[in-house]
Amino acid sequence: MRRLFNNVSTALYAGLLLLAFAAAARAERVKDLASVQGVRSNQLVGYGLVVGLDGTGDQTSQTPFTLQSIKNMLIRYGVTIPPGTNPQLKNVAAVTVHADLPPFAKPGQNIDVTVSSIGNAGSLRGGSLIMTPLLGADGQVYAMAQGSLVVGGFGISGKDGSRIAVNVPSAGRVPNGATVERAVSTGFDQTPFVILNLHSPDFTTSARLVEGINKLLGDATAQAMDGVSVRVTAPIDPNQRIAYLSTLEQIEIEPGDAPARVIVNSRTGTVVIGSHVRVMPAAVAHGSLSVTITERASVSQPYEFSRQGETVTVPESTISADQPTARMFVFNAGVDLNDIVRAVNQVGAAPGDLVAILEALKESGALRAELIVI
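Residue numbers (this note's numbering): 17 to 390.
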């Protein structure tokens, strides 16, 4: 009897541990759910030239802007091209350069840049990007890019016009290829509070975030502004504020459940059904009509002793229609995701058929979910 009691106690304890682990597994850090307002990256873009290519550059007869850029660069260095000359350059390509300037980036730090051809260059492999200013949305220069390209693809072409390309040889990257020249002000330490913005708007998650912060740091520390933003009182001193935000990021809360949605990719036939999707009572019958048309040609010849006859080709068409027996299945009230998938699989519906069934259920009002077609 005591052994039985011990076994039951052990099983109960193990079950409680599993429940606790499952509850803890659903909790997520604030660091993964929200970001600090103002702490963001900024996009930079520039126009430049890649030189040193092995004959795979732009055809200047078709890309006059490449030739114009080369002439302007040479003029800046005191090289004058005689009027009327049209040099045919094959080792130069006009490119766009873009990069993301991370938050708190300081002058002198290096960032990666991506280089992409905008002309008809066959490949950027082996080229070098010459000094290119990178501008922000305000038109100011925030970084200077220069360096050798790393291209993951390559292309080979023959004289007859045939060509083989692996990956994309017209784009590459320059690791640490840009030097930051100007810092971006974030306003991080200019207010007595910080605002946390949720990655996915949700009122339940916002309320639980406020509850979790106030439980750890005291009442009225956090206030919900809306379903996205939560304002948290923070110290003014930058050193204390950094440690304060580090504590905030490690708080674990249980986010709200995602809304009931059905996502349909009409191009690939992919269907994703959320866990809270429900269907009201409905009966569904789904069948398909298959029409097959076979074309063949037969030869008609004249009689053996005919003087005016001739041999002709006569087309013949055979049309057959096949409509399998439609199978009907019934959805009871409040069925969940497993019931929907099981019922559709039992009738052997393809992904395209499933899309049609879901759209029909939505139009009838039986599908209690948001249907999104991408």
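Cβ coordinates follow ideal geometry from the N, Cα and C atoms, glycine included.
Three-state secondary structure assigned by DSSP to residue i
i	result
A121	coil
A223	helix
S380	helix
A50	strand
A115	strand
E386	strand
A393	With the chain represented from 17 up to 390, any question about residue 393 goes unanswered, as that position is not in the structure.
Y260	helix
G228	helix
V371	helix
I134	coil
F81	helix
M147	strand
S306	With a pLDDT of 47 at S306, under the threshold of 50, the predicted position of this residue should be treated as unreliable, though the coordinate-derived value follows. The answer is strand: DSSP assigns S306 an E or B state.
I411	As displayed, the chain neither begins before 17 nor continues past 390, which places residue 411 out of reach and without an answer.
M160	strand
Q339	For Q339, the predicted model reports a pLDDT of 49, less than 50, meaning its position is unreliable; a value from the coordinates is still stated below. In the structure shown, Q339 sits in coil (DSSP, three-state: anything other than H, G, I, E or B).
N126	strand
R283	coil
R198	coil
P254	helix
Spatial distance of residue i from residue j (CA atoms)
i	j	result
D235	P185	58 Å
E265	P275	25 Å
V52	L65	37 Å
A36	A137	Here A36 scores only 42 on pLDDT, less than 50, and its place in the model should not be relied on; the value that follows carries that caveat. Roughly 59 Å between the two C-alpha positions.
D128	G62	14 Å
V437	G228	Since the displayed the chain opens at 17 and closes at 390, residue 437 lies outside it and no answer follows.
I237	I211	The question names Ile, but residue 237 is Thr in the sequence shown. Straight-line Cα distance between these residues: approximately 12 Å.
L165	T286	37 Å
T130	G152	15 Å
R189	R141	11 Å
E268	R56	23 Å
Cβ neighbour criterion (16 or more within 10 Å) applied to residue i
i	result
Y93	exposed
G193	buried
T79	buried
G124	exposed
T82	buried
S77	exposed
L261	buried
Same chain, Cβ closer than 8 Å to residue i, five either side skipped, listed in chain order
i	result
S380	A298
I390	I279, V280, N281 and S282
Residue nearest to residue i in terms of C-alpha spacing, selected from the options
i	options	result
P118	T202, P208 and I279	T202
T249	N230, V166 and G243	N230
R224	A187, E270, V190 and A153	E270
P251	D205, V226, L232 and R283	D205
S85	L370, T148, G100 and T130	T148
Q156	A240, A199, S133 and S216	A199
P217	F209, M241, V210 and P208	M241
V409	L370, Y260 and P99	What is shown of the chain runs 17 to 390, which leaves residue 409 out entirely.
E386	V293, E326 and I373	V293
K106	I134, V113 and G68	G68
K122	E197, T263, V295 and I279	E197
T195	A161, V167 and F209	A161
N2	F120, N102, T284 and T220	This structure leaves residue 2 out entirely; the chain is present only between 17 and 390.
Beta-carbon proximity list for residue i, same chain, < 7 Å, skipping 5 on both sides
i	result
K87	I97
A60	In the sequence under discussion, the amino acid at residue 60 is Leu, which differs from the Ala named in the question. Only H114, A115, L117, L150, L151, G152, Y158 and A159 meet the Cβ criterion.
Neighbourhood of residue i by C-beta distance below 6 Å, restricted to the same chain and skipping five residues each side
i	result
T207	none
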